[in-house]
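Mapped onto my numbering, the consecutive letters of the sequence shown carry residue numbers 2 to 116.
Beta carbons: idealized from backbone N, C-alpha and C, even for Gly.
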Amino acid sequence: MNKLFLSLVFPVVLAHVPAYGACQDLMEELRVMRKAQQSLLTGLADNHETFASAIEDMTSMLKLSSEKASRPELLSMNRKAQAFRKRGRSAQRQTERLDAATADLISRIEDCLKD
């Protein structure tokens with residue numbers, strides 16, 4: 002995913018280099034893009050945790066309600082919550098890797114533009 006992202010973004014960024022009078026403007030735009038990327042991806046990863054917590058809350062409410070849910074249903078809900086939490090951790094790791102790759106790309110472009 003990181004290589005695909007970089008292979009798509011890098012040509013777009015380089016295509017805009019002549020349009021900028023100063024490379025510093027380009028670097029600032031890349032930094033802003035990185036912050037937006039971080040915000041979006043972190044939000045998506047956090048949604049997994051929120052959904053897992055909501056499922057756990059529903060499971061707890063079902064346990065206490067007058068309409069008892071069957072044990073297999075409750076176990077299934079707990080497994081689903083755990084699966085969402087696991088996906089959230091995986092998404093967080095992917096977000097961190099993509100952020101590191103983006104930071105590296107920005108650094109390499111900055112070095113290239115200095116030459």
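For residue 42 against residue 103, the beta-carbon gap comes to about 10 Å, at or over 8 Å, which does not count as contact.
If you look at residue 101, you'll find it in the alpha helix (DSSP H) that goes 72-115. In this structure, the alpha-carbon of residue 93 lies about 25 Å from that of residue 28. Residue 59 and residue 47 have their C-alpha atoms spaced approximately 19 Å apart.
For a cut-off of 8 Å, the C-beta gap from residue 56 to residue 78 is around 6 Å, short enough to register as a contact. Pairing residue 54 with residue 82 gives a Cβ-Cβ distance under 9 Å.
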